[in-house]
Amino acid sequence: PRGHRHRGAGAAALGTAGRRCAAPGTQHRAPSTLSPQGSPSSRGTKRRTLSAVKGELAQAEQLLHQALRRAQQEENRQAVIYTYSMVSSGAWAQLGVQLEGEGEAAEDDNAILEMSLKLASIYAAQNQHKLAVAGYQFCILTLEEKIAKEKDLPEDVLSAEEKANTRLLLGMSLDSYARYLLNISELPAAQKMYEKALQISNDVQGETHPQSVVLMNDLATVLDAQGHYEEALTYVRRAAELARDTQHPEEHMVLNNLAAILMHKEDFLQAKQVYKEALKQAKQKGDAASVQHIQEELAELAKRRKGSK
Numbered sequence: 068p069r070g071h072r073h074r075g076a077g078a079a080a081l082g083t084a085g086r087r088c089a090a091p092g093t094q095h096r097a098p099s100t101l102s103p104q105g106s107p108s109s110r111g112t113k114r115r116t117l118s119a120v121k122g123e124l125a126q127a128e129q130l131l132h133q134a135l136r137r138a139q140q141e142e143n144r145q146a147v148i149y150t151y152s153m154v155s156s157g158a159w160a161q162l163g164v165q166l167e168g169e170g171e172a173a174e175d176d177n178a179i180l181e182m183s184l185k186l187a188s189i190y191a192a193q194n195q196h197k198l199a200v201a202g203y204q205f206c207i208l209t210l211e212e213k214i215a216k217e218k219d220l221p222e223d224v225l226s227a228e229e230k231a232n233t234r235l236l237l238g239m240s241l242d243s244y245a246r247y248l249l250n251i252s253e254l255p256a257a258q259k260m261y262e263k264a265l266q267i268s269n270d271v272q273g274e275t276h277p278q279s280v281v282l283m284n285d286l287a288t289v290l291d292a293q294g295h296y297e298e299a300l301t302y303v304r305r306a307a308e309l310a311r312d313t314q315h316p317e318e319h320m321v322l323n324n325l326a327a328i329l330m331h332k333e334d335f336l337q338a339k340q341v342y343k344e345a346l347k348q349a350k351q352k353g354d355a356a357s358v359q360h361i362q363e364e365l366a367e368l369a370k371r372r373k374g375s376k
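Numbering (this note's numbering), first residue to last: 68 to 376.
Have a look at this one:
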């Protein structure tokens, strides 16, 4: 819908150090749900997903080698370094061996799962829908099982910090998958992923953490896109309060989202006031892209107000 400027490639994702993970959008459809963790259906889904990932390892490595050749031809130093790190680390071979062993080692290795998440994002960027979904679901299902298995381990066996890091990696995976689903208009599925990611962020990092605020705002976006305006307003208003109280760097973007939802509810007067505050902050922060976007939204608002009279 008009009025939203949700995160796309390079948008912030959950992580222990504010890491970013890209999940560009495509035009394909995706499965709408994941089975509950630990159920027979979940285990069957995981087996199918593992099989799909195993069958694509060779293709993934071939794609990376092709990307490396292109990067070298274009003299793109950063791309060369990134691609070399993935190709030469031996991680693909390691992942293949672990998956052959029913995935047990992969479940216990967050580094492998982070790499799988990166691979899912690469597939999403290349519009390879089935492979992207297989990658995202592999990460999510494996991490959910790992967290359940480690939940009751004592501190001397597994520290609270290590448990939290695994939960944050699950949150990152859910967030990345949610953005992908939002971009391909699988809205109910995206909503479920955002809800889970927000719960993890609130539990591990607290409601006032910058990432929790971003996720509240994103959840409001997907609720609004489904016409659930009141629920969307509840989340975006709370996000706006927290953004103001914590001096969040993206407060103007949260306000822009709040204004858009108010516009969709046809609360034009309040929407205009919030848009003006968002525009003021965007100008103060030197965010030219947001300034242009908000100005376009104010023009759209004026059109809607005129049409409603």
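By construction, the Cβ of each residue, glycine as well, lies at the ideal position given by its N, Cα and C atoms.
| Item | Value |
| --- | --- |
| DSSP-derived helix/strand/coil call for Q293 | coil |
| Rounded separation between L282 and L300 - CA only | 14 Å |
| C-beta contact flag for L309 and V280 at 8 Å | yes |
| I251 - DSSP class collapsed to helix/strand/coil | coil |
| Check whether V224 and A257 have beta carbons under 8 Å apart | no |
| Burial state of T275, where buried means 16 or more other Cβ atoms lie within 10 Å | exposed |
| Q293 vs L254 beta-carbon contact at 8 Å | yes |
| Buried or exposed by the 16-neighbour rule on C-beta atoms within 10 Å, applied to A227 | exposed |
| Host alpha helix (DSSP H) of T209 (start-end) | H196 to E217 |
| Rounded C-alpha distance that separates A369 from A338 | 11 Å |
| Reduced DSSP secondary structure (H/G/I, E/B, other) of Q193 | coil |
| C-beta atoms of S357 and N324 nearer than 8 Å | no |
| Neighbour-count burial assignment, S375, 16 or more Cβ in a 10 Å radius | exposed |
| Where K185 falls: helix, strand or coil (DSSP) | helix |
| Start and end residues, alpha helix (DSSP H) containing E367 | A355 to S375 |
| Cβ neighbour criterion (16 or more within 10 Å) applied to D312 | exposed |
| Where the alpha helix (DSSP H) containing Q340 begins and where it ends | F335 to Q351 |
| D242, buried or exposed, once every other Cβ within 10 Å from all chains shown has been counted against 16 | buried |
| Nearest-angstrom Cα separation, counted from D334 out to A79 | A caution first: A79 carries a pLDDT of 34, below 50, which makes its placement in the model unreliable, though a value can still be read off. Each residue's alpha carbon lies about 30 Å from the other. |
| Distance, H315 Cα to L365 Cα | 23 Å |
| Start and end residues, alpha helix (DSSP H) containing E318 | E318 to H331 |
| H319 beta carbon less than 8 Å from that of A349 | yes |
| Cβ-based burial, G105 [other Cβ within 10 Å; buried from 16] | In this predicted model, G105 has a pLDDT of only 39, less than 50, meaning its place in the structure is not dependable enough to derive any value. |
| For Y244 and Y190, believed in contact at Cβ under 8 Å, the rounded distance | The Cβ separation is near 12 Å, so there is no contact. |
| Proximity winner among L237, S252, N250 and G273, relative to K263 (alpha-carbon distances) | L237 |
| Residue environment, Q351, which counts as buried when at least 16 other CB atoms sit within 10 Å | exposed |
| Close-in-space but distant-in-sequence residues of the same chain around L184 (CB under 6 Å, 5 per side omitted) | C206 and S240 |
| Distance cut-off 7 Å: M330 Cβ against heavy atoms of the ligand SAM | Here there are no bound small molecules, and the ligand SAM is not part of this structure. |
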